[in-house]
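These notes concern the structure reproduced below.
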Amino acid sequence: MEKKPLTLTGRREFLTSVGVLAGASVLTGLPGTGFAARSAALTVKQVIDIALSETEGAPLPRSVDQLRAGSLDQQVTGIVTTTFPTIDVINKAIKAGANMIISHEAVFYNNDDNLARLTNDDIYKYKFNLLEKNKIAIWRFHDSWHAHKPDGITWGTLLALGWEKYYDPAKPRIITLPKTITLQEAVTLSKAKLSAPQVRVIGDLKKPVKTVYFTLGSIPSAEVIKVIQAEKPDLVISGESREWEVCERVQDGMYMGLNTKLIVLGHAVSEEAGMAYAASWLGPKVAGVKVTHIAAGTPFKYV
Numbered sequence: 362m363e364k365k366p367l368t369l370t371g372r373r374e375f376l377t378s379v380g381v382l383a384g385a386s387v388l389t390g391l392p393g394t395g396f397a398a399r400s401a402a403l404t405v406k407q408v409i410d411i412a413l414s415e416t417e418g419a420p421l422p423r424s425v426d427q428l429r430a431g432s433l434d435q436q437v438t439g440i441v442t443t444t445f446p447t448i449d450v451i452n453k454a455i456k457a458g459a460n461m462i463i464s465h466e467a468v469f470y471n472n473d474d475n476l477a478r479l480t481n482d483d484i485y486k487y488k489f490n491l492l493e494k495n496k497i498a499i500w501r502f503h504d505s506w507h508a509h510k511p512d513g514i515t516w517g518t519l520l521a522l523g524w525e526k527y528y529d530p531a532k533p534r535i536i537t538l539p540k541t542i543t544l545q546e547a548v549t550l551s552k553a554k555l556s557a558p559q560v561r562v563i564g565d566l567k568k569p570v571k572t573v574y575f576t577l578g579s580i581p582s583a584e585v586i587k588v589i590q591a592e593k594p595d596l597v598i599s600g601e602s603r604e605w606e607v608c609e610r611v612q613d614g615m616y617m618g619l620n621t622k623l624i625v626l627g628h629a630v631s632e633e634a635g636m637a638y639a640a641s642w643l644g645p646k647v648a649g650v651k652v653t654h655i656a657a658g659t660p661f662k663y664v
């Protein structure tokens, strides 16, 4: 059964608790806001069990949601959520006194965290040793967070944009706005609320947008193109899109006079709000353990 989405009060609580996404980690550096003082005797396994408790069928079979560093029985001093568990995020977690990171994406540069291909890789060795030295546990929260009702990544993004009231469980990735906005307005809102320094756009910035299809992170191109054909959304808000597949399909549609446009946010940026929401969602369930979000941010500079 589809769970009822959060109320507008829940949205205010979420936005208040996580702050501005890109700056959420600033709070962890202030005096008196470290994790250790508020920690309770929860183990990593107990935190994982709590996080999975509301997803039907979890733990999912053949899932990438695995413990990638640390041990299940270590006590948790604090929790950080993030999209990408970069060395920068790990160092910020260490500085804050948190010893568990819940990441949406892989730790070691491939989806399955296959270490065989990285045996002689200098960066892998450094990152592995950093985690070992500081006894940091990293658990990946990907498949189960997407399987949550509503999808935690999509819901967190809708909350950040202020569009959660338009959520339709029958079409959870598509919303219909009550009033038409322009593509430029959608770009401006996305950059401001999702902490996207730059975005890539296909389409006339003056053209109207009423229906929006979210393909956050990386969705298979065949699936995206099929939905575009069937639903004909005014706008696709994407994490990653292959240029010779979805991007070309949207561009060719524009040449034909069709209205579907595209915003490409970047993978990490597109799912950051969903992992910020994970922090506010998990916090009350692990009473006594501080949970915060540290944004991985975009790795790119625009020149």
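For the sequence shown, this note's numbering gives the first residue as 362, with consecutive numbering after it.
For every residue, glycine included, the Cβ atom is placed at its ideal position computed from N, Cα and C.
Keep in mind it's a predicted model, so treat the numbers as computed, not measured.
Quick check: residue i and residue j, are their CB atoms within less than 7 Å of each other?
{"i": "A557", "j": "L492", "result": "no"}
{"i": "V437", "j": "L403", "result": "yes"}
{"i": "A498", "j": "M461", "result": "yes"}
{"i": "D504", "j": "S424", "result": "yes"}
{"i": "T416", "j": "A508", "result": "yes"}
{"i": "T572", "j": "P594", "result": "yes"}
{"i": "K453", "j": "L433", "result": "no"}
{"i": "I542", "j": "V585", "result": "no"}
{"i": "V597", "j": "L623", "result": "yes"}
{"i": "W524", "j": "I535", "result": "no"}
{"i": "L538", "j": "L566", "result": "no"}
{"i": "G513", "j": "A637", "result": "no"}
{"i": "Q427", "j": "R478", "result": "no"}
{"i": "N495", "j": "I455", "result": "yes"}
{"i": "V450", "j": "I655", "result": "yes"}
{"i": "F469", "j": "Y485", "result": "yes"}
{"i": "L522", "j": "K568", "result": "no"}
{"i": "G439", "j": "A467", "result": "no"}
{"i": "T447", "j": "A583", "result": "no"}
Put residue i into one of helix, strand or coil per three-state DSSP.
{"i": "A477", "result": "helix"}
{"i": "I655", "result": "coil"}
{"i": "V405", "result": "helix"}
{"i": "V441", "result": "strand"}
{"i": "P660", "result": "coil"}
{"i": "L410", "result": "This sequence places Asp at residue 410; Leu is not what is there. Three-state DSSP puts D410 in a helix."}
{"i": "P665", "result": "The chain is shown only over 362 to 664; residue 665 falls outside these bounds and no answer can be derived."}
{"i": "W524", "result": "coil"}
{"i": "G418", "result": "coil"}
{"i": "D529", "result": "coil"}
{"i": "D512", "result": "coil"}
{"i": "V647", "result": "helix"}
{"i": "V548", "result": "helix"}
{"i": "F469", "result": "coil"}
{"i": "F396", "result": "Here the model assigns F396 a pLDDT of 48, short of 50, so the residue's position is not dependable, and the following value carries that caveat. Coil."}
{"i": "D483", "result": "helix"}
{"i": "N495", "result": "coil"}
{"i": "G458", "result": "coil"}
{"i": "E363", "result": "Because E363 carries a pLDDT of 39, less than 50, the predicted location of this residue cannot be relied on, and the following value inherits that uncertainty. The answer is coil: DSSP assigns E363 none of H, G, I, E or B."}
According to DSSP, which residues form a beta bridge with residue i?
{"i": "W500", "result": "L428, I463"}
{"i": "Q436", "result": "T404"}
{"i": "I536", "result": "V573"}
{"i": "T543", "result": "P569"}
Problem - Cβ contact (3+ pairs, closer than 8 Å) linking the segment 630 to 637 and the segment 507 to 520 - result: yes
Problem - Runs of beta strand (DSSP E) wholly within the segment 554 to 634 (minimum 3 residues, chain order) - result: 561 to 563, 569 to 576, 596 to 599, 622 to 625
Practice task
Determine contact between the segment 562 to 582 and the segment 546 to 554, defined as no fewer than three beta-carbon pairs at a distance below 8 Å.
Solution key: yes
Practice task
Give a yes or no on contact between the segment 405 to 419 and the segment 609 to 628, applying the rule of three or more CB pairs nearer than 8 Å.
Solution key: no
Practice task
May I ask you to verify whether the segment 575 to 589 touches the segment 598 to 608, counting CB pairs closer than 8 Å and requiring at least 3?
Solution key: yes
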